[in-house]
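Q:
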Amino acid sequence: MAKVSTVFVCSNCGNESPKWFGKCPACNEWNTCYEEKQTAINSNAKIQRREMPEPTLLNSIKKQDIARSSTGFEELDRVLGGGLVKGSLTLIGGEPGIGKSTLILQICDKVKGEGKVLYVSGEESAEQIKIRADRLSINNEDILFLGETDMDIIENAILKVKPKLVVIDSVQTMYSNEITSSPGSVSQVREITAKIMRTCKQEAITTIIIGHVTKDRKHCRPKSIRAYGRYSFILRRRKIFYI
Ligand SMILES: [Zn+2]
Numbered sequence: 555m556a557k558v559s560t561v562f563v564c565s566n567c568g569n570e571s572p573k574w575f576g577k578c579p580a581c582n583e584w585n586t587c588y589e590e591k592q593t594a595i596n597s598n599a600k601i602q603r604r605e606m607p608e609p610t611l612l613n614s615i616k617k618q619d620i621a622r623s624s625t626g627f628e629e630l631d632r633v634l635g636g637g638l639v640k641g642s643l644t645l646i647g648g649e650p651g652i653g654k655s656t657l658i659l660q661i662c663d664k665v666k667g668e669g670k671v672l673y674v675s676g677e678e679s680a681e682q683i684k685i686r687a688d689r690l691s692i693n694n695e696d697i698l699f700l701g702e703t704d705m706d707i708i709e710n711a712i713l714k715v716k717p718k719l720v721v722i723d724s725v726q727t728m729y730s731n732e733i734t735s736s737p738g739s740v741s742q743v744r745e746i747t748a749k750i751m752r753t754c755k756q757e758a759i760t761t762i763i764i765g766h767v768t769k770d771r772k773h774c775r776p777k778s779i780r781a782y783g784r785y786s787f788i789l790r791r792r793k794i795f796y797i
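What the sequence shown shows, in this note's numbering, is residues 555 to 797, in sequence order.
#1: Compute the minimum distance between the beta carbon of glutamate 583 and the heavy atoms of ligand 1, and state whether it is under 7 Å.
#2: Quick one: grab the DSSP three-state call for serine 614.
#3: For a test of your reading of the model: does the CB of threonine 560 fall under 7 Å from any non-hydrogen atom of ligand 1? Yes or no.
#4: Give a yes or no on contact between the region 656 to 664 and the region 686 to 698, applying the rule of three or more CB pairs nearer than 8 Å.
#5: Alpha carbons only, please: which of Glu590, Phe575 and Glu629 is nearest the one belonging to glutamate 583?
#6: Could you tell me whether the Cβ atoms of lysine 616 and alanine 758 are closer together than 8 Å?
#7: Suppose the cutoff is 8 Å on Cβ atoms and the five residues either side in sequence are ignored; what does the same chain contact list for lysine 577 look like?
#8: Compute the minimum distance between the beta carbon of cysteine 662 and the heavy atoms of ligand 1, and state whether it is under 7 Å.
#9: Take every Cβ of the region 724 to 740, pair it with every Cβ of the region 625 to 632, and state whether three or more of those distances are shorter than 8 Å.
#10: What is the DSSP secondary structure of isoleucine 707, counted as helix, strand or coil?
#11: Less than 8 Å between C-beta atoms, sequence neighbours within five positions excluded: which residues of the same chain meet that for tyrosine 588?
#12: Since threonine 656 is in the alpha helix (DSSP H), which residue starts that stretch and which ends it?
#13: Check whether the Cβ of asparagine 566 lies closer than 7 Å to any heavy atom of ligand 1, and answer yes or no.
#14: Work out the CA separation of cysteine 581 and cysteine 567 for me, nearest whole Å.
#15: Any heavy atom of ligand 1 closer than 7 Å to the CB of threonine 586?
#16: Is the closest heavy atom of ligand 1 to the C-beta of alanine 711 under 7 Å?
#17: To the nearest angstrom, how far is the alpha carbon of isoleucine 722 from that of glutamate 570?
#18: Can you tell me whether DSSP reads glutamate 589 as helix, strand or coil?
#19: Answer yes or no: the CB of alanine 687 versus the heavy atoms of ligand 1, is any distance below 7 Å?
#20: Taking only the alpha-carbon atoms, compute the straight-line gap between valine 674 and lysine 591 and give it to the nearest angstrom.
#21: Tell me the rounded alpha-carbon separation between serine 730 and glutamate 709.
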């Protein structure tokens, strides 16, 4: 049976508490507490047995084994330490309308490596993305589009396509059925990020997650996702900030 519980979450740092708080005990911010309902579902049945991985000697890993793909943007490559690392998760954050989707579409077009790119959008339709691609003169046979917000369907699509790059636009629009709180809530964002990371790590797929940063404290701020991502960025007036 699914068990529903109530937790109080800090919208600033994602700290969870069984009791309501006026001042967050973790980050000391005031009035950031809000209530979230969580359903714990016994997911044992969903866990599939995989082959046991062999631990590797760190010293035996050659530098060439760390495959990096250029994003086509010198500045971004530099912050990434030479490009996107295969199988890594990168978070790109910024205020709505700052140009995240445009930048990502250009990365989809230019990213080096074999295979397809899967662009998952819960924000825009295929037509809207196509209009943007045309405006940017992007004509790339390797870019696939999926308009979806249900994580189960997205995971299945990732496993079916096995792309070199997955883009999730945006994390706030996606939802997992295993959690009852609404899309964009701290627990949903955390669950989505963890799920994507598990799937893509397992398949060595590079992932970019787009997150909106708003001044509204109720919405997710990158801090909640930061723990999962290898790198996080905030776009401000098209400049990239490493956080
Ligand atoms: Zn806090």
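We put the CB at the ideal spot given by N, CA and C, even for glycine.
A: Let me lay it out:
#1: yes
#2: helix
#3: no
#4: yes
#5: Phe575
#6: no
#7: Glu583 and Trp584
#8: no
#9: Taking 8 Å as the limit for Cβ pairs, the verdict is that the region 625 to 632 does not touch the region 724 to 740.
#10: Three-state result, isoleucine 707: helix.
#11: Phe562, Val563, Ser565 and Lys772
#12: Per DSSP, threonine 656 belongs to the alpha helix (DSSP H) from 654 to 664.
#13: yes
#14: 7 Å
#15: Threonine 586 Cβ: within cutoff of ligand 1.
#16: no
#17: If I take the Cα positions, the gap works out to 25 Å.
#18: Under the three-state reduction of DSSP output, glutamate 589 falls in the strand class.
#19: no
#20: 27 Å
#21: 11 Å
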